[in-house]
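Engineer: Sharing a structure with you now.
Here it is, written out as structure tokens:
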């Protein structure tokens, strides 16, 4: 028995040393980080840590945490297009995709240690996130990072109430996902054990956490290794694609009036099959012949009460805790379309004010309130996502942030 135990311990030590050597080898051979990685919303930035931490080390970078609006790269004023090639010395870094809502970003930012302290960060919130239950279980699971969750939970500088809130939400959404799909996601791994223990505020939970800590750390270590491997591969792929591509000049100034005229001209060409100023393809696919059916369809819709508000609060609290002073973009709904579908101005204003009230409690946050533009044609490109004029306002805020700092 003693021999078997000794052999088991020796084997475990051997595995640990092997993984440690592999991690160090990857770090030693890691190619230099490329700023152009910021121009696309790669999944490795959403669920990993290495690439965001490398971006944060560069003064030219502003990290934009957003959702499905980040995919509108067919619009020239989208920040990734507008500042491509580090125009005016600015490099944006897109982090997010569809359904990356406040809870996903809270976990991501909480896991970065002090990498984002004092760095340029932008947060974008979208109206469609504020349904009653907040983020849907399947969409949460698609963007959830075990690595980030374990990292923040093992960070002693993060207060217990934040850990308990996040753990409770992770446990809730994972449980609902398993109930819906009949799966057993995170029931028997480190994340499942940690969420179950950490979401309970008791002495027993504290003792169990201490006992389980080596297991948590080993699991986190494996996720860190996977992140390094994925990051290395992505950097190499981006470097290969970038060969022979000429980098644009940095520029010395921006003529905003000229940019606005160009944006409107582009918008007119891309929205000429409808009266709402929406992208032609979007209108044809989602509205078109079904226009009459859309009349008053949203008369019972409400964004007044939502778990997303609590998730937003915890996101902003994490930013304050870490010394981050983000720009916060408050995106409007499409006023004309909302009127048509029966989602009234009063209902919209209730949502707008709810967000303003939460953000207003944080002096470290600068609000870019765009809700006054809900009737501005071409401000959005569909019923909910920023368009030509909307992105141009965001570009102005980014440029102003660099100029003033």
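In our numbering, the protein residues as written are 80 to 484.
Cβ coordinates follow ideal geometry from the N, Cα and C atoms, glycine included.
Remember, it's a predicted structure, so these values are computed and weren't measured experimentally.
Do you know whose CA, among 155, 181, 461, 180, lies nearest residue 367's CA?
Structural biologist: 461
Engineer: Any idea if residue 432 is buried or exposed, counting beta-carbon neighbours within 10 angstroms, 16 or more meaning buried?
Structural biologist: exposed
Engineer: Leaving aside the five residues before and after residue 376 along the sequence, list all residues of the same chain whose C-beta is less than 6 Å from its C-beta, in chain order.
Structural biologist: 420
Engineer: Please work out which residues of its chain come closer than 6 Å, Cβ to Cβ, to residue 194, disregarding the five sequence neighbours upstream and downstream, and give them in chain order.
Structural biologist: Answer for residue 194: 132, 135, listed in chain order.
Engineer: Report the three-state DSSP secondary structure of residue 423 (helix, strand or coil).
Structural biologist: coil
Engineer: Please report the straight-line C-alpha distance between residue 468 and residue 458, rounded to a whole angstrom.
Structural biologist: 4 Å
Engineer: Do you know offhand how far residue 110's Cα is from residue 307's?
Structural biologist: 11 Å
Engineer: Let's see if you can read the secondary structure: which residues bound the alpha helix (DSSP H) around residue 161?
Structural biologist: 158-161
Engineer: Touch check for the segment 194-208 and the segment 402-409: three-plus C-beta pairs under 8 Å?
Structural biologist: Below 8 Å, enough C-beta pairs join the segment 194-208 and the segment 402-409 to call them touching: three or more.
Engineer: Looking only at its chain, what residues have a beta carbon closer than 6 Å to the beta carbon of residue 178, apart from the 5 residues adjacent to it on each side?
Structural biologist: 218
Engineer: Measure the C-alpha to C-alpha separation of residue 236 and residue 250 and round it to an integer number of angstroms.
Structural biologist: Straight-line spacing of the CA atoms in residue 236 and residue 250 works out to 22 Å.
Engineer: According to the neighbour-count rule (16 or more other Cβ atoms, all chains shown, within 10 Å of its Cβ), is residue 292 buried or exposed?
Structural biologist: exposed
Engineer: Measuring alpha carbon to alpha carbon, tell me which of 226, 463, 444, 106 ends up nearest residue 297.
Structural biologist: 226
Engineer: At what residues does the alpha helix (DSSP H) containing residue 133 begin and finish?
Structural biologist: 129-135
Engineer: Can you give me the start and stop residues for the beta strand (DSSP E) that residue 144 sits inside?
Structural biologist: 140-144
Engineer: Note down the Cα distance separating residue 35 from residue 216, rounded to an integer number of angstroms.
Structural biologist: The question about residue 35 has no answer, for the chain in this structure spans 80 to 484.
Engineer: For the candidate residues 137, 356, 115, 395, whose alpha-carbon lies nearest to that of residue 503?
Structural biologist: No information on residue 503 is available, as it lies outside the stretch 80 to 484 that the chain covers here.
Engineer: Output the boundary residues of the alpha helix (DSSP H) element that contains residue 448.
Structural biologist: No alpha helix (DSSP H) contains residue 448, which is instead part of the beta strand (DSSP E) from 445-448.
Engineer: Under the DSSP definition of a beta bridge, which residues are partnered with residue 355?
Structural biologist: According to DSSP, which records beta bridges pairwise, residue 355 is partnered with nothing at all.
Engineer: List the residues that DSSP assigns as beta-bridge partners of residue 173.
Structural biologist: Bridge partners of residue 173: 143.
Engineer: Would you give the residue range spanned by the alpha helix (DSSP H) that residue 126 belongs to?
Structural biologist: Run containing residue 126: 122-126, per the alpha helix (DSSP H) assignment.
Engineer: Which residues in the same chain have their Cβ closer than 7 Å to the Cβ of residue 455, if we skip the five residues on either side of it in sequence?
Structural biologist: 468
Engineer: If you reduce the DSSP assignment to three classes, tell me which class residue 109 lands in.
Structural biologist: coil
Engineer: Could you check what DSSP says for residue 409 in three-state terms: helix, strand or coil?
Structural biologist: strand
Engineer: I need the straight-line Cα distance from residue 356 to residue 449, nearest angstrom please.
Structural biologist: Using only the alpha carbons, I get a separation of about 17 Å.
Engineer: Go through the segment 186-245 residue by residue and report every complete run of the beta strand (DSSP E) that reaches 3 residues or more, in order.
Structural biologist: Uninterrupted beta strand (DSSP E) stretches at least 3 residues long and entirely within the segment 186-245 occur at 200-204, given in chain order.
Engineer: Can the beta-carbon of residue 247 be found less than 8 Å from the beta-carbon of residue 386?
Structural biologist: Contact check for residue 247 against residue 386 fails: the beta carbons are separated by 8 Å or more.
Engineer: Taking residue 196 as the reference, which of 229, 401, 206 has the closest Cα?
Structural biologist: 401
Engineer: How far does the alpha helix (DSSP H) with residue 179 in it reach, from first residue to last?
Structural biologist: Residue 179 -> no alpha helix (DSSP H), and no H or E assigned at all.
Engineer: With 16 other CB atoms within 10 Å as the buried threshold, where does residue 146 fall?
Structural biologist: buried
Engineer: Using only the alpha-carbon positions, how far apart do residue 265 and residue 299 sit?
Structural biologist: 14 Å
Engineer: For residue 379, tell me which candidate among 423, 395, 361, 364 has the shortest Cα-Cα distance.
Structural biologist: 423
Engineer: Short check: CB of residue 477 to CB of residue 188, under 8 Å?
Structural biologist: no
Engineer: Run through DSSP, which three-state label would residue 380 get?
Structural biologist: In the structure shown, residue 380 sits in coil (DSSP, three-state: anything other than H, G, I, E or B).
Engineer: Note down, in chain order, each residue of its chain lying with its Cβ closer than 6 Å to the Cβ of residue 484, except the 5 sequence neighbours on either side.
Structural biologist: Cβ neighbours of residue 484 beyond the five flanking positions: none.
Engineer: Residues in its own chain within less than 7 Å of residue 272 by CB, not counting five upstream and five downstream?
Structural biologist: Excluding positions up to five away in sequence, the list reads 291.
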